[in-house]
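What follows is a short report on a single structure.
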């Protein structure tokens, strides 16, 4: 697979029409709009920047970074060479399959696998609202299901097995990072793309909730992406050992979402 092919495969995953169910979740934005806390484009921009600063960058972007590092330790490039050599030495398909299984067991037993599962759990539990936790989980499951067809090189059945063995959640950021790493994308490109698609999701939700034009939405995306990248440049300078979130107000509104009289979104 060429670099261009990998990049285009990644761009497809960033598409707002990518069918993982993101259109069904506002992650609390619907509550802000219904309670008239967000009434115009300026207030929406402030909300999005607060989300990026308090949750998306310090929690989800740091999770992506940590998962990349865990995968580098769990599946170093030389392990692929060892596996290929072992398979070539086996004359029977069953023996080759056993060699694959032995290396997979070694991967899953490593402390790097435990680190990946821990980051997945942090990404899940740092979302205080039940609907938000379920939303990230559902999007992750749908991305695994779709990714098996679109990204065979991503070894998604192995991720499913790893999550099953360690009682992992399979949140959307975890699956996203897994696929991006297997596409051999640079970590900065992976995180930049994730931030862009997160901004796009918020704008798409706002388009359905507010009197907001498509052009205004696109301008807001263009305006907010540099802000998100600046936040990432700032936060990655600090040696944080664990991702974190402090979006307390957003989480409270996300909790209140399930009590709304009428709802367009599942979260």
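Residue numbers (this note's numbering): 372 to 638.
For glycine and all other residues, C-beta sits at the position ideal for the given N, C-alpha and C.
Count the other C-beta atoms from every protein chain shown that fall within 10 angstroms of the C-beta of residue i, then say buried if there are 16 or more, exposed otherwise.
i	result
residue 639	Examination of residue 639 is not possible in this model, given that the chain is present from 372 through 638 alone.
residue 430	buried
residue 452	Interpretation of residue 452 is limited by its pLDDT of 48, a score under 50 that renders its predicted location unreliable; no figure is taken from the coordinates.
residue 623	exposed
residue 554	buried
residue 490	buried
residue 464	Because residue 464 carries a pLDDT of 49, less than 50, the predicted location of this residue cannot be relied on, and the following value inherits that uncertainty. With fewer than 16 other Cβ atoms within 10 Å, it is exposed.
residue 456	Legend: pLDDT at residue 456 = 49, less than 50; position of this residue unreliable, no value from coordinates given.
residue 334	Shown here, the chain extends from 372 to 638; a query on residue 334 therefore has no answer.
residue 379	exposed
residue 619	exposed
residue 388	exposed
residue 615	exposed
residue 497	buried
residue 372	exposed
residue 375	exposed
residue 594	exposed
residue 609	exposed
residue 611	exposed
State the DSSP-derived secondary structure class of residue i, mapped to helix, strand or coil.
i	result
residue 607	coil
residue 627	helix
residue 524	helix
residue 531	helix
residue 615	coil
residue 441	helix
residue 568	helix
residue 548	helix
residue 561	helix
residue 556	coil
residue 586	helix
residue 537	coil
Using beta-carbon positions only, say whether residue i and residue j come within less than 9 Å of one another.
i	j	result
residue 441	residue 487	yes
residue 399	residue 481	no
residue 547	residue 435	yes
residue 419	residue 574	yes
residue 552	residue 427	no
residue 422	residue 627	no
residue 494	residue 544	yes
residue 588	residue 577	yes
Using beta carbons (cut-off 9 Å, strictly below), is residue i in contact with chain D?
i	result
residue 489	No chain D appears in the structure shown, which is made up of a single protein chain.
Task: Segments assigned beta strand (DSSP E), at least 3 residues, entirely inside the region 389-424 - done: none
Task: Meets three-Cβ-pair contact criterion under 8 Å: the region 562-582 and the region 499-517 - done: no
TODO: Inspect the CB distances between the region 564-578 and the region 525-541 and report whether three or more fall short of 8 Å.
DONE: no
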